[in-house]
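As numbered in mature numbering (1 follows the signal peptide of the UniProt record, and there is no 0), residues -22 to -1, 1 to 97 make up the sequence shown, in order.
Note that beta-carbon positions come from the ideal geometry of N, C-alpha and C, so glycine has one too.
No experiment lies behind these values; they were computed from the predicted model shown.
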Amino acid sequence: MRKLTPFILALSLVTGISAVHAQNTTQHKKPLLQEGKMPEKPAAKQGQSVQGQKQKAPKFEVRKGGRLASPERHAELRDYRKRGLKAPRKDQRWVLYDGQYLLIAPKTGLILSIVPARR
């Protein structure tokens, strides 16, 4: 009798838990039609229109006080003197982005100064 008691207790726990799980999974199903309404179409994913065609991402505007995305922050210009740029402070760096030299704070991406690149 002593050997059967833990087994029966464990068996009742397992069957009780599986019954509760089965109840929870059936409760969350949505009916297809509610009050005569048609089911809604799924929303468009980011970067796609409703028709499934890709939309172009909005072009990034370079402006003083704006922020530069993380990948562009790491393309540091080390030959800034050859390009006629002033020396950046210790917490700043020059970056070439879209035909312009940007003086940025690399930790935040904040654009501090913009100089057009000479061709």
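Are residue i and residue j close, meaning C-beta to C-beta below 8 Å?
i     : j     : result
Phe53 : Leu74 : Sequence inspection shows Ala at residue 53; the Phe mentioned does not correspond to that position. Going by C-beta atoms, Ala53 is nearer than 8 Å to Leu74.
Pro90 : Val40 : In the sequence as presented, Pro is not what sits at residue 90; that position holds Leu. Going by C-beta atoms, Leu90 is not nearer than 8 Å to Val40.
Ile82 : Lys42 : no
Ala65 : Gln78 : no
Arg59 : Gly87 : no
Between which two residues does the beta strand (DSSP E) carrying residue i extend?
i     : result
Arg71 : Arg71 to Tyr75
Give the range of the alpha helix (DSSP H) segment to which residue i is assigned.
i     : result
Pro84 : Counting along the chain, Pro84 falls outside any alpha helix (DSSP H), and DSSP gives it neither H nor E.
Pro49 : Ser48 to Arg51
Which value, in whole angstroms, describes the spacing of the CA atoms of residue i and residue j?
i        : j        : result
Arg45    : Pro84    : 10 Å
Gln70    : Leu55    : 11 Å
Arg61    : Trp72    : 11 Å
Leu63    : Pro49    : 22 Å
Thr(-18) : Ser(-11) : 11 Å
Arg67    : Asp57    : 15 Å
Is residue i close to chain B, meaning its C-beta is less than 8 Å from at least one C-beta of that chain?
i     : result
Asp69 : Structure shown: chain B not included; a single protein chain is present.
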